[in-house]
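Novice:
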Amino acid sequence: MIKYAISDPKFYSNLDYAFNNFIRLKEANMLLFRDKNSNKYDKTAQEFIKFRSNNRKFLLQNDIDLACKLGFDGIHFSSNFIHLLKDTPSNLIKIASTHNIKEIELANQYGADFITFSPIFATPNKGEPKGLEGLKEAIKMSKAKVIALGGIMSAEQICAVMKCGVAGFASIRYFTLD
Numbered sequence: 101m102i103k104y105a106i107s108d109p110k111f112y113s114n115l116d117y118a119f120n121n122f123i124r125l126k127e128a129n130m131l132l133f134r135d136k137n138s139n140k141y142d143k144t145a146q147e148f149i150k151f152r153s154n155n156r157k158f159l160l161q162n163d164i165d166l167a168c169k170l171g172f173d174g175i176h177f178s179s180n181f182i183h184l185l186k187d188t189p190s191n192l193i194k195i196a197s198t199h200n201i202k203e204i205e206l207a208n209q210y211g212a213d214f215i216t217f218s219p220i221f222a223t224p225n226k227g228e229p230k231g232l233e234g235l236k237e238a239i240k241m242s243k244a245k246v247i248a249l250g251g252i253m254s255a256e257q258i259c260a261v262m263k264c265g266v267a268g269f270a271s272i273r274y275f276t277l278d
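First residue of the sequence shown: 101, per this note's numbering; consecutive thereafter.
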């Protein structure tokens, strides 16, 4: 099962603290460095990659050149950058963030290895949840493996999405809980 931790500056402003104290983060086998508003993105990404270990894949958001330069394992594209999948080197894991049928079709067209589909459950500022039925529909439509995202904070929710047939789950807040 993929356990995909997504960083957020709110929780990851001190990387040493995060990697040493977030107990659930140690379970993650994929981690995404994402900081939408940073003017120090390159520098912080360089610090983030230092925590990579053999049993974890580290991904960077939207920046193919920086991902290659710093040795990230993959790239995760926001929904408005899905078209860049076609320009991604084949040695990188390619993930597309999707929220609807059109975005899933684009991810299929451009060769995503995985998609995140969200939000499954209620989560702040992310719109109406798609629910488990929406997740099942996304799985049927996607050529790529599907990772459930959005509002996943409990073992019960993880169990529910896994029963739908996803490859795993992604979360910000689940991995920051003690």
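Positions of the beta carbon are idealized from the N, C-alpha and C atoms, including for glycine.
By DSSP, does F269 sit in helix, in strand, or in coil?
Specialist: Counting from one through the sequence shown, the residue named residue 269 turns up at place 169. Reduced to three states, the DSSP call for F269 is strand.
Novice: So H176 and I195 are supposed to be a Cβ contact under 8 Å. How far apart are they, rounded?
Specialist: Numbered from 1 along the sequence shown, position 76 holds the residue referred to as residue 176. Numbered from 1 along the sequence shown, position 95 holds the residue referred to as residue 195. About 4 Å separates the two Cβ atoms, so the contact holds.
Novice: Mind checking who V261 pairs with in its DSSP beta bridge?
Specialist: Here residue 261 corresponds to residue number 161 of the sequence shown, with the count starting at 1. For V261, which the question treats as bridged, DSSP gives no partner whatsoever.
Novice: Across the segment 201-212 and the segment 166-174, are there enough close Cβ pairs to call them in contact, namely three or more that are closer than 8 Å?
Specialist: No: the two stretches stay apart, fewer than three of their Cβ pairs being nearer than 8 Å.
Novice: For my contact list, I98 and T216 are in at a C-beta cut-off of 8 Å; report their separation, rounded to the angstrom.
Specialist: Nothing in the structure corresponds to residue 98, since the chain is present only between 101 and 278.
Novice: Give me, in chain order, the residues of the same chain whose beta-carbon lies closer than 7 Å to that of A118; leave out the 5 immediate sequence neighbours on both sides.
Specialist: Indexing the sequence shown from 1 puts residue 118 at position 18. F111, Y112, L125, listed in sequence order.
Novice: Hey, how far is the Cα of N121 from the Cα of L232?
Specialist: On the sequence shown, residue 121 is found 21 positions in, with the first residue counted as 1. On the sequence shown, residue 232 is found 132 positions in, with the first residue counted as 1. Distance between the alpha carbons of N121 and L232 is about 31 Å.
Novice: Thinking C-beta only, is I220 closer than 7 Å to K302?
Specialist: It is not possible to answer for residue 302, since the shown part of the chain is limited to 101 through 278.
Novice: Note down the Cα distance separating S153 from N180, rounded to an integer number of angstroms.
Specialist: Counting from one through the sequence shown, the residue named residue 153 turns up at place 53. Counting from one through the sequence shown, the residue named residue 180 turns up at place 80. So the two alpha carbons sit approximately 30 Å from each other.
Novice: For T223, which of helix, strand or coil comes out of DSSP?
Specialist: Taking the first residue of the sequence shown as position 1, residue 223 is located at position 123. Three-state DSSP puts T223 in coil, outside helix and strand.
Novice: Using the Cβ count rule (16 or more neighbours within 10 Å means buried), how would you classify M101?
Specialist: Residue 101 sits at position 1 when you count from the first residue of the sequence shown. Residue environment: M101 is assigned as exposed (fewer than 16 neighbouring CB atoms within 10 Å of its CB, all protein chains considered).
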